[in-house]
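Numbering (my numbering), first residue to last: 979 to 1217.
Okay, so here's the structure we're looking at.
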Ligand SMILES: [Zn+2]
């Protein structure tokens, strides 16, 4: 686009015609271009400044080009999709999750276990990717938006993974057996810890091996919910 600009202003058709040896037939295309620029850039049609990525690509054969593009995409580019996941949890749990904590939770989802299936389950919980009846109904109106498991309540992700009556015993027993009896914790379990893996409020009470044990136990608990996603039964914990 910048090839059509000179000193920050859109060139006239006459100037473009001389510069690029265009025929008069291209005048209609020029009018289309003006229409597009006015719509996307506003009436002044001011050429926007280049982003870091665009500037880098303009350099052509810059040394280590792929590495530089990779770094820009991973570090500097905004990641609106990931922020949405964090904001969804903030809204669901009425809490604030600072970007540093969210970054740590995402990192934990990759390091709690070497089992890739458990890692994927944790990722799916963090980003709420499992399809709830509520989501399904958006695609097909005749599908009920009520929870698969209890069939009574609206099936938000939080309901399907935490507050459903048919999961109450599961999370109660998990808290009683793993957190209270085995780890000696006195705090009640909460969705921040169990669903997101945020152990900030209990870290000080646990040794390194206990933290690892809790993280792996939570991976297994989340996996139990995921593999019975469409079940209408209570989820038991075998003792
Ligand atoms: Zn339910």
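From the three backbone atoms N, C-alpha and C, an ideal C-beta is built for every residue, glycine too.
Note that the structure is predicted; figures quoted are calculated from it, not measured.
Item	Value
Report yes if the C-beta of residue 1125 is less than 7 Å from at least one heavy atom of ligand 1; otherwise report no.	yes
Please state whether DSSP places residue 983 in a helix, a strand or coil.	strand
For the candidate residues 1213, 980, 1215, 1199, whose alpha-carbon lies nearest to that of residue 1097?	1199
Got a sec? Which residues, its chain only, sit under 7 Å from residue 1083 by beta carbon, not counting five neighbours each side?	1104, 1174, 1175, 1176
Please name the residue in 1109, 1183, 1090, 1086 whose C-alpha comes closest to that of residue 1136.	1109
Name, in chain order, the residues that DSSP records as bridge partners for residue 1132.	1124
So does residue 1150 have its beta carbon nearer than 7 Å to some heavy atom of ligand 1?	no
Could you check the C-alpha separation between residue 1045 and residue 1102 for me, to the nearest Å?	29 Å
What first and last residue would you give for the alpha helix (DSSP H) that runs through residue 1021?	Element bounds for residue 1021: n/a, residue is neither H nor E.
Would you kindly work out how many angstroms separate the C-alpha atoms of residue 1214 and residue 1150, rounded to a whole number?	10 Å
Any chance the CB of residue 1131 is under 7 Å from a heavy atom of ligand 1?	yes
Per the contact definition of three or more C-beta pairs closer than 8 Å, is the region 980-987 in contact with the region 1018-1030?	yes
Taking 8 Å as the cut-off, decide whether the C-beta atoms of residue 1090 and residue 1193 are in contact.	yes
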